[in-house]
Amino acid sequence: MGRIQKQLVGGSILSHDHFQGGHYTFAMAKAPIEKHVTIPGFEDVEAGIVKWPLSVLRIRHKNPERLIDLATHVLQAWRGYTDEAAFVFANTDGEPHNTITPIARKVEDVYELDLTLRNNITTKEHPLGVYHPHAQYHHIKKENIGLIEVMGLAVLPARLKEELELLEEYILSGKDISSNEKIAKHEDWVKELLEKYPDINAENIHAILQKEVGLVFVHVLEDAGVYKCTPKGREAFMRFVDSL
Numbered sequence: 003m004g005r006i007q008k009q010l011v012g013g014s015i016l017s018h019d020h021f022q023g024g025h026y027t028f029a030m031a032k033a034p035i036e037k038h039v040t041i042p043g044f045e046d047v048e049a050g051i052v053k054w055p056l057s058v059l060r061i062r063h064k065n066p067e068r069l070i071d072l073a074t075h076v077l078q079a080w081r082g083y084t085d086e087a088a089f090v091f092a093n094t095d096g097e098p099h100n101t102i103t104p105i106a107r108k109v110e111d112v113y114e115l116d117l118t119l120r121n122n123i124t125t126k127e128h129p130l131g132v133y134h135p136h137a138q139y140h141h142i143k144k145e146n147i148g149l150i151e152v153m154g155l156a157v158l159p160a161r162l163k164e165e166l167e168l169l170e171e172y173i174l175s176g177k178d179i180s181s182n183e184k185i186a187k188h189e190d191w192v193k194e195l196l197e198k199y200p201d202i203n204a205e206n207i208h209a210i211l212q213k214e215v216g217l218v219f220v221h222v223l224e225d226a227g228v229y230k231c232t233p234k235g236r237e238a239f240m241r242f243v244d245s246l
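One gets our numbering by counting positions in the sequence shown from 1 and adding 2 to each.
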């Protein structure tokens, strides 16, 4: 599938283990630890919840074997973890839901592992996944969130290139967006933008649309977070950490 993104890293073939190559620091790597935690049996390993829209536990140590051991412990615990109050279910009807997206890096002489908690449970309201881009954002991003996006770089469908160009034309000329099937899905979004930006013109429309697509992507990342960045969400995240 075509993608809109700068060639900062290699493409991913997700059917097998792979590495991303390229000198690029993703936004998540720059995100700080919001709350430090201590995991029993691994008191020597620095650990903490990362300040990020997705649910990320960062662990750091000079010895990579200690990180591997702790990451294995976290993964095994998460795969079997259920917290109904937080709408986290390890499995339903025998189908497993919990897994982890791991990202490894070395910062000077310290190894870091970011363990992103994922859950693929679906409901009637969210048939593609509760922790998946919600329907209101499907006009921009309907596909699942992969490794690159977890780290903060949007991988957007190629269709958007033409659609955004059409939107610029239709907005500036006052044409009816719903009359074009290629962009009709953006109608409600554009109505919000016109209220937010009453002075849209040929000089600023491109920058405005680029900015607003980015804001939608932030919401998509928030949807994919199992534990939200709220007091209630952080309390639920700590219940899992305390279970370790």
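By construction, the Cβ of each residue, glycine as well, lies at the ideal position given by its N, Cα and C atoms.
Every value quoted in this text rests on a predicted model; they were computed, and no experiment measured them.
Residue environment: residue 166 is assigned as buried (16 or more neighbouring CB atoms within 10 Å of its CB, all protein chains considered). Taken in chain order, the complete beta strand (DSSP E) segments of 3 or more residues contained in the region 33-112 are 35-39, 48-52, 58-63, 100-109. Our two residues, residue 223 and residue 160, have alpha carbons roughly 19 Å apart in a direct line.
Annotation for residue 138: no alpha helix (DSSP H) segment contains it, and DSSP assigns it neither H nor E. Closest option to residue 64, judged by alpha-carbon separation, among 79, 56, 106: 106. Between the alpha carbons of residue 171 and residue 188 lies a distance of about 14 Å.
The distance from the Cβ of residue 62 to that of residue 48 is about 4 Å, consistent with a contact at the 8 Å cut-off.
Look at residue 244 here: in three-state DSSP terms it is helix. In the DSSP secondary-structure assignment, residue 121 is bridged to 100.
In the three-state reduction of the DSSP assignment, residue 116 falls in the strand class. Per DSSP, reduced to three states, the secondary structure at residue 233 is helical. Within its own chain, the residues whose Cβ lies closer than 6 Å to the Cβ of residue 92, once the five positions on either side in sequence are excluded, are 82, 83, 84, 100, listed in chain order. Between residue 142 and residue 162, the C-beta gap is smaller than 8 Å, which places the two residues in contact. Spanning the alpha carbons of residue 110 and residue 140 requires a straight line of approximately 40 Å.
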